[in-house]
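Residue numbers (my numbering): 3 to 473. In this text, a Cβ means the ideal position worked out from N, Cα and C, and glycines have one as well. First up is the structure itself, then whatever we jot down about it.
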């Protein structure tokens, strides 16, 4: 029940804004699960009342699932341990299976899960490493989910197309599956010609590299000039964090092609962010397009055009936060898909593969607008993917995915944040109050109860040291 999110009203919105766990979108899978627990397994009408709109699973898939469940527990394989993959595996494990619980295997190249929204606090050393990147084995210890640290190199489908095996590197044997979930994610979209000149901020490795670079620049002494290319949420959050870290020693500037800070956001969000950035001395230079970055005597020359004129600036550190590039899926052709974008129907099942689902940055949902590459989308899709596999195996209707923009939670330094409620962004809670709400909401959204308790307790201790006077 906790993973389903027993929140309501403002508490629900705050705990879910920018992270997923949608009150409406997840409400339909939750109500459907509740009906399953109460034994409503019968008519179409009762299911329709419980779930609203739904999609039928094919007779072929349903028959295959029934036969598989009668002989042995279904085998479900999840490739990719990001937000979409890990949360799908955990939700599958928590569902009320009518017969034997399936064998669930999670595969990822890394041994640890990274809670990316808290990487800013990790760089600022406001949060321990165990809070932002716990090992998968530790997270899954109280579940029946198995974990394999390996890379998926291919997929071999059985002739009938209802089953298959995921091929792995490291000489490991293939993992058989009846149902498959792909969650391969995305990485920073840095042009290949600039990769040696800039740092990115998308992974734990990126965060560790930035921490070391900041340590070296501080030790060197003197003025530290930082240029952040990209004025989206990532660039804004980085700029505020770096301004706090460097203090009077630093000068942080954002370069963006847009005319103003977060030109795609609401007026209230922009006003809140602009006020906090201004108080920290962060400069925003809009209307600039970067054309090249050159290394010169330990510094970097950033070349750009502004109003058709060429110009440049020098920086000690350049961070690239413009866009994302979807990871190339090496076995996409075997599934009849493109290598960087997989086409799924409304239930998140791949076109032509009714037992293979896709979630996260790599999937394009039929009939839906392009979705942002963030954790909120992955959280919501995890709910639907898990329910639809459960429904397919147990002979229930599938739910069409509907994305709900619940707002944004931005870290703006050590003690500031901007939290907008709802997709319109008309209600924004900023400053220290926003920072507290953001951290508590992310503590709640940790993958497991144990991790949520640990992260929440650590933050409350940190907050107590700040608020309570020392004796």
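For residue i, does the count of other Cβ atoms within 10 angstroms reach 16, so buried, or fall short, so exposed?
i, result
"residue 79", "buried"
"residue 422", "buried"
"residue 455", "exposed"
"residue 119", "buried"
"residue 209", "buried"
"residue 435", "exposed"
"residue 318", "buried"
"residue 123", "buried"
"residue 441", "buried"
"residue 186", "buried"
"residue 144", "exposed"
"residue 396", "buried"
"residue 324", "buried"
"residue 84", "buried"
"residue 299", "exposed"
"residue 362", "buried"
"residue 398", "buried"
"residue 383", "buried"
Distance check for residue j and residue i, CA to CA, integer angstroms please.
i, j, result
"residue 211", "residue 91", "30 Å"
"residue 106", "residue 89", "12 Å"
"residue 475", "residue 394", "Beyond the ends of the chain as shown, which are 3 and 473, falls residue 475; an answer cannot be given."
"residue 116", "residue 221", "28 Å"
"residue 75", "residue 146", "13 Å"
"residue 109", "residue 183", "10 Å"
"residue 243", "residue 227", "14 Å"
"residue 193", "residue 429", "36 Å"
"residue 277", "residue 465", "24 Å"
"residue 165", "residue 251", "59 Å"
"residue 161", "residue 337", "13 Å"
"residue 403", "residue 372", "13 Å"
"residue 180", "residue 386", "18 Å"
"residue 525", "residue 410", "Past the edges of the chain, shown from 3 to 473, lies residue 525, and the structure says nothing about it."
"residue 303", "residue 322", "14 Å"
"residue 379", "residue 134", "20 Å"
"residue 2", "residue 77", "Residue coverage of the chain in this structure runs from 3 to 473, which leaves residue 2 outside it and unanswerable."
"residue 457", "residue 419", "18 Å"
"residue 295", "residue 280", "26 Å"
"residue 141", "residue 148", "11 Å"
"residue 2", "residue 444", "Past the edges of the chain, shown from 3 to 473, lies residue 2, and the structure says nothing about it."
"residue 447", "residue 331", "28 Å"
"residue 82", "residue 111", "8 Å"
So, at 8 Å on beta carbons, what are the nonlocal neighbours of residue i in its own chain, with the 5 sequence-adjacent residues on each side left out?
i, result
"residue 176", "158, 167, 168, 169, 170"
"residue 346", "352, 353, 359, 360, 365, 366, 367, 368"
"residue 45", "No answer about residue 45 holds up, because its pLDDT of 36 lies below 50 and its placement is not dependable."
"residue 203", "121, 190, 209, 212, 236, 240, 321, 323"
Once the 5 residues before and after residue i are set aside, which same chain residues still bring their CB inside 7 Å of it?
i, result
"residue 469", "none"
"residue 137", "113, 114"
"residue 348", "57, 367, 368, 369, 402, 403"
"residue 216", "247"
Compare the C-alpha of residue i against each of the options and name the closest.
i, options, result
"residue 271", "441, 98, 412", "412"
"residue 390", "85, 99, 377", "99"
"residue 246", "172, 378, 128", "128"
"residue 199", "297, 375, 324", "297"
"residue 283", "238, 309, 310", "238"
"residue 172", "235, 181, 152, 165", "152"
"residue 258", "278, 197, 231", "231"
"residue 342", "204, 401, 333, 349", "333"
"residue 437", "275, 397, 267", "275"
"residue 265", "453, 233, 256", "233"
"residue 427", "202, 331, 407", "407"
"residue 196", "281, 263, 292", "292"
"residue 207", "273, 186, 219, 131", "131"
"residue 236", "121, 301, 93", "121"
"residue 439", "451, 461, 425, 453", "461"
"residue 95", "425, 467, 450", "450"
"residue 357", "335, 376, 324, 400", "400"
"residue 415", "85, 409, 433", "433"
"residue 335", "424, 81, 155", "155"
"residue 87", "431, 388, 467, 315", "388"
"residue 256", "374, 102, 286, 215", "286"
"residue 452", "139, 225, 223, 101", "139"
"residue 431", "310, 101, 273", "273"
"residue 309", "350, 301, 288", "288"
"residue 374", "104, 340, 290, 405", "405"
Going by beta carbon distance, what residues of the same chain come within less than 6 Å of residue i, once the five residues before and after it are set aside?
i, result
"residue 254", "228, 241, 244, 245, 284"
"residue 392", "97"
"residue 150", "109"
"residue 125", "209, 212, 213"
"residue 10", "Any answer about residue 10 is weak, because its pLDDT of 32 lies below 50 and its placement is not dependable; what the coordinates show is given next. Closer than 6 Å at the Cβ level, and outside the excluded window around residue 10, lies no residue."
Less than 7 Å separating the Cβ of residue i from some heavy atom of the ligand MG?
i, result
"residue 256", "No copy of the ligand MG occurs in the structure displayed, which carries no ligand at all."
Problem set entry | Whole alpha helix (DSSP H) elements within the region 265 to 321, 4-residue minimum | 269 to 281
Exercise. Where in the region 163 to 225 do unbroken runs of the alpha helix (DSSP H), each at least 4 residues long, occur, reported from the N-terminal end onward?
Worked result: 206 to 222
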